[in-house]
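Position one of the sequence shown corresponds to residue 1 (UniProt numbering), numbered consecutively onward. Ideal placement from N, C-alpha and C gives every residue a C-beta, glycine not left out. Since we're looking at a predicted model, the values are computed, not measured. Have a look at the structure below before the remarks.
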Amino acid sequence: MTEQEAIRYIHSFQRFSARPTLERIRRLLALLGNPQDRLRVVHVAGTNGKGSVCAMTAAALTQAGYRTGLFLSPYVLEFRERMQLDGRMIPPEELAEQVERVRPLAQQVEDLNEFELITAMGYDWFCRKGCDVAVIETGLGGAFDATNAVAHPLVSVITSIGLDHTAVLGDTVEQIARAKAGIIKPGAPVVCAPGQPDGAFAVLLEAAAQAGVPVLTPSLAAAEDPAFSLEGTRFHYDGQALFIGMPGRYQLANALTAYTALDCLRTRRGFDRLTPEAVARGLAQARLPARMEVLQREPLVLLDGAHNPPGAQALAQALSLVGDRPVTAVMGVLADKDSGGVLEQLAPHLRRVITVTPDSPRALPAHELAARAGALGLDASAAHGGREALDLAVAVAAREGGAVLICGSLYLAAQLRRLFLQPEA
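Okay, structure coming up:
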C-alpha cells in the first residue's frame with residue numbers, strides 16, 4: 001500500500017457520525033490492545049489556540065529529551081502532519097503500515113467515522129514507537145471527541161473558548177465549555193487559558209470541582225515587558241526571559257497556557273527534565289503553518305487560519321504588527337462558519353477583500369462572501385480561483401506598499417500556501 005492509497009482509504013470513511021458516542025472508538029482501541037491506556041497523555045481541548053499550545057508543549061518536551069508524540073487536528077498542508085514524533089511527521093511508509101494494521105479491525109466496528117479511525121491509528125502508532133508522552137489535540141468538542149477515550153491523562157488543558165461549531169456543540173459559550181469540559185477527569189489537574197469568558201470559566205471550574213482536581217490559570221498581567229513583532233514575542237515570565245517563535249499577540253496567552261501545563265508536568269507528574277532552559281527552547285522553536293505565518297517580506301504576505309469570530313478578533317489585534325500598511329485580504333470561508341462575524345472583526349483593518357471559494361464541498365461561494373463583505377462597506381470582489389486572487393493581491397500590495405493577508409479557512413490556507421510556496425505548480 002502506498003501513502004496515497006492509505007490516505008484514500010482513510011477518506012473513504014464518513015467524516016462524522018449521526019450518534020455522538022465513544023463506543024465505536026473504544027471498540028476499535030480494544031481490538032488494538034488499548035494503546036491509549038499505555039500512554040502518558042497531555043489532552044488539549046478548546047475553540048482557538050489548541051494547535052499552538054500543543055506544538056509549544058510538545059516542542060518543550062522534545063527539547064527536554066522526552067520521546068514525544070503530537071496529534072493535531074486538522075492538518076494544513078499534508079495529512080501526515082496529524083501524527084508527529086519529536087517534531088517529525090509520520091513517515092509515508094509507516095502511515096501505510098498503520099492503515100494496513102488497523103484496516104481489518106476497523107471492518108469489525110459498525111459506523112466507524114474518519115476521525116475515530118485516525119485517532120486509533122495515532123494512539124497505536126505513539127504506543128508502538130515507545131513515546132514517553134503524547135500531546136493530543138481534540139478534533140471537535142471534548143466529551144464525545146474520539147481522543148477522549150483516554151481514561152487517565154496527565155493533565156487536561158482547555159484553551160480559549162468561543163463560539164464555533166455551534167450546530168454541534170451549542171450556541172452559547174457555556175454550552176460549548178460544557179462540551180470541552182468533557183476531557184476533565186479525576187486525577188488530572190486542569191490548565192485553563194487566561195481570558196476565558198466568565199460563563200465558560202464558571203462551567204470549567206464546576207467540572208473540575210466535580211472531578212476533584214485543581215484548575216491552574218496563568219496570568220496575562222504577569223507577562224512583563226512583552227515586545228511584539230513579526231518575528232515573534234519577547235517577554236519575561238516567572239523570572240525568566242522567554243521568546244515565542246510564532247508571531248501574534250494572541251500567542252502570548254497560548255504560550256502561558258503551554259508554560260503552565262509544562263510546569264504542572266514537572267512539579268506534579270515527575271517530568272524533572274523540563275528545565276527552564278528546555279521550556280524556553282521549546283517555546284522559541286515551536287512552529288505551525290498558517291498561524292500569522294510570514295510567507296514573504298516584500299511585499300509582506302501573511303497567512304492565518306482564523307475561521308471563527310474569536311479567532312478573527314485575535315487576528316485583528318495581531319494586525320497591529322503590520323503598521324500603517326494597507327491590507328488586502330484574500331479570503332475564503334466555509335458555509336457553516338460565521339462569516340459575518342469574521343468579517344466584522346477584520347473589516348476595520350482591511351483596505352479591500354478579494355474572495356475565493358475554498359477547495360471544500362462545504363465552501364461558501366466567493367461571490368456570496370464578496371457580497372457580505374461589500375455590505376460592510378469593504379471594497380470587495382470575487383476571484384475565479386486562488387491563483388488569480390493571490391496574483392492580484394500581491395500586485396496591489398507591491399504598488400501600494402501594502403500587505404496581503406490570506407485568511408478565513410484552513411482549507412484556503414492549505415490551498416494558497418501551496419500555490420505561494422510552489423509558484424510553478
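For this session: Name the two residues that bound the continuous alpha helix (DSSP H) containing G311.
Result: Following the DSSP letters along the chain, one finds G311 inside the alpha helix (DSSP H) bounded by residues 309 to 318.
Exercise. In three-state terms, what does DSSP make of F16?
Worked result: The answer is coil: DSSP assigns F16 none of H, G, I, E or B.
For this session: Please determine if the stretch 232 to 252 and the stretch 274 to 284 are in contact, where contact requires at least 3 C-beta pairs separated by less than 8 Å.
Result: Under the 8 Å Cβ criterion, the stretch 232 to 252 counts as touching the stretch 274 to 284, having at least three qualifying pairs.
Exercise. Buried or exposed: which applies to L405, given that a residue is buried once 16 or more other Cβ atoms fall within 10 Å of its Cβ?
Worked result: Buried is the call here.
Exercise. Taking C-alpha atoms, which residue in G51, R40, V42 lies nearest to G311?
Worked result: If we check each option's Cα against that of G311, G51 comes out closest.
For this session: Measure from the alpha carbon of L321 to the alpha carbon of each residue in L85, V191, E231, R417, then state which is nearest.
Result: If we check each option's Cα against that of L321, E231 comes out closest.
Exercise. Looking only at DSSP bridge pairs, what is E81 linked to?
Worked result: Paired residues: none, contrary to the question.
Exercise. Apart from the five residues just before and just after T166, which ones in its own chain have a Cβ nearer than 6 Å to its Cβ?
Worked result: Bear in mind that a pLDDT of 44 at T166, under 50, signals an unreliable position, so the number given afterwards is only what the model happens to contain. Same-chain partners within the cutoff: there are none.
Exercise. Where do the N-terminal and C-terminal ends of the beta strand (DSSP E) with residue 500 fall, by residue?
Worked result: Because residue 500 is not part of the residues shown, which for the chain are 1 to 425, the question remains open.
For this session: With a threshold of 16 other CB atoms inside 10 Å of the CB of T2, please say whether the residue is buried or exposed.
Result: Note on T2: under 16 other CB atoms within 10 angstroms of its CB, so exposed under the neighbour-count rule.
Problem set entry | Close Cβ partners of R40 (< 6 Å) along its chain, the five nearest in sequence each way excluded | Closer than 6 Å at Cβ, skipping near neighbours: V133, L154.
For this session: Pair every Cβ in the stretch 245 to 255 with every Cβ in the stretch 288 to 307, then say whether three or more of these pairs are closer than 8 Å.
Result: Proximity of the stretch 245 to 255 to the stretch 288 to 307 meets the contact definition, three or more beta-carbon pairs being nearer than 8 Å.
Exercise. If you pair each beta-carbon of the stretch 256 to 266 with each one of the stretch 102 to 119, do three or more pairs fall below 8 Å?
Worked result: Verdict: no, contact absent.
For this session: Quickly, what does DSSP pair V333 with across the bridge? List them, please.
Result: V333 is bridged by DSSP to nothing; it lacks a bridge partner.
Exercise. Does the pairing of the stretch 337 to 347 with the stretch 295 to 315 give three or more beta-carbon distances under 8 Å?
Worked result: Using a C-beta cut-off of 8 Å, the stretch 337 to 347 makes contact with the stretch 295 to 315, since at least three inter-stretch Cβ pairs fall below that distance.
Exercise. Taking all protein chains shown into account, do 16 or more other C-beta atoms lie within 10 angstroms of the C-beta of L204, making it buried, or fewer, making it exposed?
Worked result: L204 comes out buried.
Exercise. According to DSSP, is T166 helix, strand or coil?
Worked result: The pLDDT assigned to T166 is 44, lower than 50, so where the model puts this residue is not dependable; a value taken from the coordinates is nonetheless given after this. Of the three classes helix, strand and coil, the one that applies to T166 here is helix, per DSSP.
For this session: Would you decide whether D198 is buried or exposed? Buried here means 16 or more other CB atoms lie within 10 Å of its CB.
Result: Its Cβ having fewer than 16 others within 10 Å, D198 is exposed.
For this session: Leaving aside the five residues before and after I244 along the sequence, list all residues of the same chain whose C-beta is less than 6 Å from its C-beta, in chain order.
Result: Within the same chain, and ignoring the five residues on either side of I244 in sequence, the residues whose Cβ sits closer than 6 Å to its Cβ are G232, T233, Q251, A255, L283.
Problem set entry | Endpoints, the alpha helix (DSSP H) within which D391 is located | Start and end: 386 to 400.
For this session: Specify, as a first and last residue, the run of the beta strand (DSSP E) that A157 falls within.
Result: Looking at the sequence shown, residue 157 is not Ala but Val. Here the beta strand (DSSP E) through V157 covers 155 to 158.
Problem set entry | Alpha-carbon to alpha-carbon, A375 and Q4 | Straight through space, the alpha carbons of A375 and Q4 are spaced by roughly 43 Å.
Problem set entry | Which listed residue (R128, L364, G377) has its alpha carbon closest to that of V102 | Checked all of R128, L364, G377; the closest Cα to V102 is R128.
Problem set entry | Residues that N48 bridges to, as DSSP identifies them | For N48, which the question treats as bridged, DSSP gives the partners S160.
For this session: At 4 residues or longer, and completely inside the stretch 197 to 262: list those alpha helix (DSSP H) runs for me, N to C.
Result: For secondary structure counted as the alpha helix (DSSP H) over 4 or more consecutive residues, the stretch 197 to 262 holds these complete runs in sequence order: 198 to 211.
Exercise. Which residue comes first and which comes last in the alpha helix (DSSP H) that contains D124?
Worked result: Segment 114 to 128, the alpha helix (DSSP H) holding D124.
Exercise. Nearest CA to the CA of A146: which residue from A6, K337, E23?
Worked result: Ranking the options by Cα distance to A146, first place goes to E23.
Exercise. Does the stretch 333 to 342 touch the stretch 390 to 406, meaning 3 or more C-beta pairs lie closer than 8 Å?
Worked result: Touching, no, given that fewer than three Cβ pairs across the two stretches are closer than 8 Å.
Problem set entry | Length of the line joining the Cα atoms of F79 and A414 | The alpha-carbon atoms of F79 and A414 are separated by roughly 11 Å.
For this session: For E407, name the three-state secondary structure that DSSP assigns.
Result: At residue 407 the sequence reads Cys, which differs from the Glu that was named. If DSSP states are grouped into helix, strand and coil, C407 belongs with the strands.
Problem set entry | Inter-residue spacing [alpha-carbon to alpha-carbon] between H367 and T355 | Going by the C-alpha atoms only, they are around 7 Å apart.
Exercise. Under the three-state reduction of DSSP, which class applies to S360: helix, strand or coil?
Worked result: Shown here, S360 sits in coil according to DSSP, grouped into three states, outside any helix or strand.
Exercise. Should R82 be labelled buried (16 or more other beta-carbon atoms within 10 Å of its own) or exposed?
Worked result: By the 16-neighbour rule on beta-carbons within 10 angstroms, R82 is buried.
Exercise. Taking C-alpha atoms, which residue in V53, Y123, Q63 lies nearest to L28?
Worked result: Nearest C-alpha to L28: Y123.
Exercise. Who are the Cβ neighbours of V327 in its own chain at under 7 Å, not counting the five residues just before and after it?
Worked result: Within the same chain, Cβ atoms closer than 7 Å to the Cβ of V327 are found at L319, H349, L350, R351, G402, A403, L405, the five residues on either side in sequence being excluded.
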